[in-house]
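Here it is, written out as structure tokens:
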């Protein structure tokens, strides 16, 4: 690995010099775009931040001049990169494109780069930006038309990939990097970036393998694996979330530590769904609400072990944060778990009653029972911004659900229920928003309710886009983690054919081999 790190440092220096010396703003954006597509932006975070701030100033000073002096591809790319970076750019940047469909098609119908860039940019729309959405739909239609005429074209596969898997909804690390159009003037720059991406992939895989070994050891030592009910559990599944969402290779400790509360969410969820009676669940939930062991004598041993693990892991996590940052998050962590357990308990009562709840009640509770807020709150305290944390920020975390967390949880809940309905794998134990909705709207078909839920998911992505843009109490590192969590949803729940899923599976297979060897 030493030779790899030396090679990495040499290539990094070449790219760094190129990035800071570029005078042409668009050339720097071509470079940033490819850096992000290759998943190596953590090496150039500060340089990218400076470049985006400079562009934001230029574009906001005179947006009309910027549009008039650049191609469709260029100002669409600038819009996407700025919004991805948390900079608000008014969507009226595209007002000059407002014309009838025929005029737009005559002008841009064969502009493949421009249509792709504008379609990608439209994925970052927020609520109320109907014109940008309309332009995005038109680009999609024109790209499909182009494909029908150019099926054998060498760029056809890139167009297909764009339409099926827009950049904004994917994790760059697992996306197909072999098919994209770039505008770098020097081919050697692309070669350097490709080489750096390969080295980064080697380093990341090495660290992930070591982390997998640590996680497997921790799970064995925890004691739950000795229980027959949990003996077949695979900690690697839980580790996959932090592995994908903490993208910086140096965040080994964060990935390992976040795996621990995630494992408990899965274990406790199964206890509620499969392994315990309603009376036992009531005792268990009451104990968590009090954060005590007293009164749990009647519980079976496996539930006592799970309860003990919950308290120990949460207390150890809080102590670790306190030692690092001088701030003890124990009260916030407790509240997040209590909220989750009460949501699980509500679902248990519904299941026991044999009656479907109202769709609105199911969704409000189901957003909590995803456990997303528990994961994201733990992730929040693992990031370096904790040093500058304020009471106001903690108050927001304690107020049930900040908007950015709410959006991720809602996307997961609705996506999971929608995929369950499409695949026919909904087992009825957890309920489904679609079932509850159809129970209230008896005249609606299964296909119509699926379209309705897909529309709800699309709208929630707009809300999440909005949260990334607004000035709030959360750092960009936390916002990006939340975005990555939302992007993981289709990969973890196996929705539709997606090249990123196979790439993720290949990476996980390489980790399984190491984990099994360790065991």
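Residue numbers (the UniProt record's numbering): 1 to 519.
Idealized CB from N, CA, C, for every residue including glycine.
| Check | Outcome |
| --- | --- |
| Burial state of residue 447, where buried means 16 or more other Cβ atoms lie within 10 Å | exposed |
| Among 227, 233, 333 and 245, nearest to residue 301 - alpha-carbon criterion | 227 |
| Complete alpha helix (DSSP H) runs within the segment 241-328 (minimum length 4 residues, chain order) | 252-270, 278-290 and 301-325 |
| Other residues of its chain near residue 133: CB distance less than 6 Å, five sequence neighbours each side excluded | 125 |
| Unbroken alpha helix (DSSP H) run spanning residue 332, endpoints | 330-353 |
| Residues near residue 338 by beta carbon distance below 7 Å, same chain, minus five either side | 288 and 289 |
| Distance CB(residue 193)-CB(residue 12) smaller than 8 Å | no |
| Where residue 284 falls, given that 16 or more other Cβ within 10 Å makes a residue buried | buried |
| Residue 157 burial status per 10 Å Cβ neighbour count (16 or more: buried) | exposed |
| Chain-order list of residues whose beta-carbon lies under 7 Å from that of residue 518 (same chain, five-residue window excluded) | Any reading at residue 518 needs caution, since the residue's pLDDT is 45, under 50, leaving its predicted position unreliable; the model's value is listed next. Correct list, in chain order: 213 and 216. |
| Residue 170 (DSSP reduced to helix, strand or coil) | coil |
| contact_flag[the segment 296-316, the segment 404-420] where n(CB pairs < 8 Å) is 3 or more | no |
| The segment 241-255 in contact with the segment 275-284 per 3-pair CB rule at 8 Å | no |
| Per-residue DSSP class, three states only, for residue 373 | helix |
| Three or more C-beta pairs below 8 Å linking the segment 388-404 and the segment 344-363 | no |
| Residue 154: first and last residue of the uninterrupted alpha helix (DSSP H) it sits in | Neither: residue 154 is in no alpha helix (DSSP H) and is coded neither H nor E. |
| Beta-carbon spacing of residue 314, residue 377 below 8 Å | no |
| Option nearest residue 106 by Cα separation, candidates 74, 197 and 146 | 146 |
| First and last residue of the uninterrupted alpha helix (DSSP H) at residue 389 | No alpha helix (DSSP H) holds residue 389; DSSP gives it neither H nor E. |
| Under 8 Å between C-beta atoms of residue 114 and residue 88 | no |
| Nonlocal neighbours in the same chain, by C-beta distance under 8 Å from residue 196, ignoring five residues either side | 8, 11, 12, 15, 38, 40 and 43 |
| Residue 130 vs residue 463 beta-carbon contact at 8 Å | no |
| Residue 392 versus residue 474 - alpha carbon distance | 11 Å |
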